[in-house]
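The opening position of the sequence shown corresponds to residue 2 in our numbering, with each subsequent residue numbered one higher.
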Amino acid sequence: LEFYNVKISNPVARPKKPIEKKKLEGTFRKDREAKEPMVPTKFEGIPKPPKQLIKEGMDLWNAAVKELQNLKMLYDVDLPMLVSYCNEMGTYFKMQDIINKKGETYMDGKNPKTRPEVYIGRNSLKIAITIASKFGFTPSDRTKIEVPKQNEGDAFSEFENN
């Protein structure tokens, strides 16, 4: 399949399972995995909101980074995409505020027209849902993500199995 001169090998392939899940299920095969898989750096603490974050996405940013940190799933490499998600949702919220005040349509002479905010909001929500699915923020996607085990109360639990 070719799209704008970019070859796509298998556009309907299933997403790859995490290695840990394959090991638990007994389907892990070393010959089919990368020899040196990428291990991203976990972000320690709660990151400050970046300057690129719009005002309407600030509350969502604070909630998302706190939750991802609590789940031990906040990585440095994910932060720019998280900003994009928060900005898209912020744009959607901003457009909804305008629509709630002014309505979905306006009159152009004698003809009603759809406000541009409707299209902008719809597009932002569509993009945000796509990004949200990668982070497991939607109910159906949450069921597909493996969360690292959290052993509370055991000071030596991090040293087990090493």
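In this text, a Cβ means the ideal position worked out from N, Cα and C, and glycines have one as well.
In this structure, L75 sits near P48, with a CB-CB distance shorter than 9 Å. By the neighbour-count criterion, in which a residue is buried when 16 or more other Cβ atoms sit within 10 angstroms of its Cβ, M90 is buried.
In terms of Cβ geometry, I55 and K95 form a close pair [threshold 9 Å]. For the options P140, E34, T28 and P81, the alpha carbon positioned closest to that of P50 is the one of P81. Within the same chain, Cβ atoms closer than 7 Å to the Cβ of R116 are found at I100, K103, E105, T106 and Y107, the five residues on either side in sequence being excluded. The closest CA to that of S125, considering only T28, A65 and C87, is found on C87. A straight-line Cα-Cα distance of about 5 Å links K23 and F29.
Take D142, set aside five residues on each side of it, and the residues of its chain with a beta-carbon closer than 6 Å to its own are S134, in chain order. Remark: C-beta atoms of I132 and S85 approach each other more closely than 9 Å. A distance below 9 Å separates the beta carbons of L69 and D79. Taking G46 as reference, the option from R123, R15, K127 and V66 with the minimal CA-CA separation is V66.
Annotated as distal: Q97 and G58, with beta-carbon spacing of 9 Å or more.
Considered as a whole, the stretch 53 to 115 harbours 106 to 109 and 112 to 115 as its complete beta strand (DSSP E) runs of no fewer than 3 residues, in chain order. Across the structure, T144 and F138 are spaced so that their CA atoms are roughly 10 Å apart.
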